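Using our numbering, the first residue of the sequence shown is number 770, and each one after it goes up by one.
All residues carry an ideal CB built from backbone N, CA and C; glycine is no exception.
Since this is a predicted model, take the numbers as computed values, not measurements.
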Amino acid sequence: MRSQKQEMKGLEPENGRRSERSESRPFFQEKKMEYRKNDTVTADIIDLGQDGAGIGRTEDGYTLFIKDTVPGDRVEVLIIKVKKSYGYGKLKQVLKASPDRVDPPCPVARQCGGCQLQMMSYPAQLAMKEEKVRNDLKRIGGFENLEIQAIVPMESPFRYRNKAQFPVGMDRDGNPITGFYAGRTHTIISNPDCLLGCPENWEILNEILDWMKNSRIPAYNEETGKGLIRHILIRKGFATGEIIVCLIINGERIPARDELVARMRKIDGMTGLTYSSNTSRTNVILNGPVKPIWGQEYITDILESRAFVISVRYQISPASFYQINPVQTQRIYEKVLELADLHGNETVMDLYCGIGTISLFLARKAKKVIGVEIVPRAIEDARRNAQINGIENAEFYVGKAEEVVPELEQHGIRADVAVVDPPRKGCDEKLLQTLVRMKPERIVYVSCDPATLARDLKYLTENAFRVEYVQPYDQFSETVHVETVVLMSRVKEK
Ligand code: SAH
């Protein structure tokens, strides 16, 4: 969910990852094949690319990237783009289905593209993610025989998202619709029931569409810049059942408010209705303050660890960053706490701390926690959440971790244990250098990209740390993303 691009050299997307790949044969054939756009060819899918598209080989070894295919499939493909040594194809039909292929439960899975892996069985998705972690650690980090724990799966691979944002538009008959943008377009395809979202979304969206129809409230039209309702944001606290809705409007005023409020109040768990004005011709959804219409402006959620008897409450507004899958998040945080192995006398740094979710967990078991995060609003949330929970041993700093931590170091502040949870591009090398100088006993690394994780672990192992434990988690089923928690300990000087 963190969309920073990989920027580091040496991390170009790897296009084939299966270990059975023959080392002697170049992955992309040198010989130029005589394929042209609009040719129809047969290909065998041998692997998955970074973005979840299948990697297919034609009979004479030409490589094609083909969305909606599964390793093990034999498919008929329409070539849509030809490059020198590889091309892109569109699936025409599956000639022989892979044993891992399933019928996607969502009827619009292919059009939407939000779920890259819905046509793959859940066990196969898990195996693929585990393999990705293993392979990146080996290929980029040089870790040959590292023990990697089996990936922690979700109980059910659907309905796990606590947050949704739906664009609103009009169909050809002038009726308001909501759903998702088709492929890379801004054409809305009607689907008020995304299977990754919570079941309440459907009722909420239908009530809002019905209210718009009844009161003749037009949806926003991106081309003309006219119309009122642009987006509907929904957030649910899974532990509390609280729901908050935020309408993004192209204007300042919502007509027929009372009817809308009455409709929302009927919905179980509805805690508050808010809106935010956005009159700019932009793709940014939320770009102004969130204002109340009815009820609370935030929801409360609780993350807890039974094993450590910890429970932390968080107030989350429509604009706050908050983990999307709270069930797996809780498991990850519990693991962080276990690996941090705190006894109550440690200073712990939580770097890239967001709204302080991990920090407040750690604070219950440490002497002191220092959280560092680049987004000022997130730090405001972190401080407020510390207060709500009566936590007084957590301090938060706004800034880049790679700048704030060296400054803290200059003031003689060091960490006994450091937790890092960076975006996809991983940790800045300056931060890693500072951590190496600071000599914490342990570093717990929470990663959302195994490639940058491998790069950073390599740096740390070359600088007196040792990888002790690697645990992948599936936090976003049906998508290619995988999270990994790693414990590193400092190698003592002799
Ligand atoms: N630990 C938090 C958030 C992790 S997401 C949680 O579990 O919820 C990564 C966070 O890193 C984001 O909040 C992002 O704003 C922040 N970030 C990105 N670059 C940063 C930098 N250079 N220094 C500090 N924080 C950064």
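query, result
"Where DSSP assigns a beta bridge to residue 1186, which residues make up the other side?", "1117 and 1211"
"Between the C-alpha atoms of residue 948 and residue 927, what's the straight-line distance to the nearest angstrom?", "17 Å"
"Given a threshold of 16 other Cβ atoms within 10 Å of its Cβ, counted over all protein chains shown, does residue 954 qualify as buried or as exposed?", "exposed"
"Determine whether the beta carbon atoms of residue 1189 and residue 1212 lie at a separation below 8 Å.", "yes"
"Residue 1143 and residue 1168 look like a contact to me (Cβ under 8 Å); what is the Cβ gap, rounded to whole Å?", "7 Å"
"Considering just the uninterrupted stretch of the alpha helix (DSSP H) at residue 1105, what are its terminal residues?", "1095 to 1109"
"If residue 732 sits next to residue 989, beta carbons under 8 Å apart, how far is it from one beta carbon to the other, in whole angstroms?", "No answer is possible for residue 732: it lies beyond the span of the chain, which begins at 770 and ends at 1263."
"With distances taken Cα to Cα, identify the nearest neighbour of residue 995 among 939, 1055, 1045 and 1097.", "939"
"What are the boundary residues of the beta strand (DSSP E) that residue 875 is part of?", "No beta strand (DSSP E) holds residue 875; DSSP gives it neither H nor E."
"Smallest Cα separation from residue 837: which of 814, 1056 and 1261?", "814"
"Closest by CA to residue 861, which one among 847, 852 and 960?", "847"
"By the DSSP assignment, the alpha helix (DSSP H) with residue 1128 in it spans what residues?", "1126 to 1132"
"Beta strand (DSSP E) containing residue 1257: first to last residue?", "1252 to 1259"
"Apart from the five residues just before and just after residue 718, which ones in its own chain have a Cβ nearer than 8 Å to its Cβ?", "Not covered by the structure: residue 718. The range shown for the chain is 770 to 1263."
"Confirm the yes/no value for this check: CB of residue 875, any heavy atom of the ligand NAP, distance under 7 Å.", "No copy of the ligand NAP appears in this structure; the ligands present are the ligand SAH."
"Would you kindly work out how many angstroms separate the C-alpha atoms of residue 901 and residue 889, rounded to a whole number?", "16 Å"
"For residue 1007, is the beta carbon positioned less than 7 Å from some heavy atom of the ligand SAH?", "no"
"Is residue 1043 close to the ligand SAH? I mean its beta-carbon at under 7 Å from any heavy atom of the ligand.", "no"
"Alpha carbon to alpha carbon, how far is residue 969 from residue 1038? Give it in angstroms, no decimals.", "9 Å"
"How long is the line joining the alpha carbons of residue 981 and residue 936, rounded to whole angstroms?", "14 Å"
"Rounded to whole angstroms, what is the Cα-Cα separation between residue 1131 and residue 1184?", "13 Å"
"Among residues of its own chain, excluding the 5 on either side of residue 789, which ones have a beta-carbon nearer than 6 Å to its beta-carbon?", "Residue confidence for residue 789 is low, a pLDDT of 37 falling below 50, so the modelled location carries little weight; the figure read from the coordinates is stated next. Cβ neighbours of residue 789 beyond the five flanking positions: none."
"So what's residue 790 in DSSP terms, helix, strand or just coil?", "Confidence at residue 790 is low in this model, with a pLDDT of 39, below 50, so its placement is unreliable and the value that follows should be read with caution. Coil."
"Flag residue 1126 as yes when its Cβ comes closer than 7 Å to any non-hydrogen atom of the ligand SAH, and as no otherwise.", "yes"
"Heavy atom of the ligand SAH less than 7 Å from the Cβ of residue 1225, yes or no?", "no"
"According to DSSP, is residue 1237 part of a helix, a strand, or is it coil?", "strand"
"Does the structure place the region 1036 to 1053 close enough to the region 1011 to 1021 that three or more beta carbon pairs sit under 8 Å?", "yes"
"Which complete beta strand (DSSP E) runs does the region 946 to 979 hold, if anything under 3 residues is left out?", "957 to 959"
"At 3 residues or longer, what runs of the beta strand (DSSP E) sit wholly inside the region 1152 to 1205?", "1163 to 1167 and 1186 to 1189"
"Please classify residue 1076: is it buried, with 16 or more other beta-carbons within 10 angstroms of its beta-carbon, or exposed?", "exposed"
"Going by DSSP in three states, residue 1073 sits in which element: helix, strand or coil?", "strand"
"Taking the beta strand (DSSP E) that residue 941 falls in, what are its first and last residues?", "Segment: none, residue 941 is in no beta strand (DSSP E) and carries neither H nor E."
"What are the start and end residues of the alpha helix (DSSP H) that includes residue 1220?", "1219 to 1230"
"Could you check whether the Cβ of residue 1092 sits closer than 7 Å to any heavy atom belonging to the ligand SAH?", "yes"
"Taking only heavy atoms of the ligand SAH into account, decide whether any of them is closer than 7 Å to the Cβ of residue 1122.", "yes"
"Is it the case that the CB of residue 803 approaches a heavy atom of the ligand SAH more closely than 7 Å?", "no"
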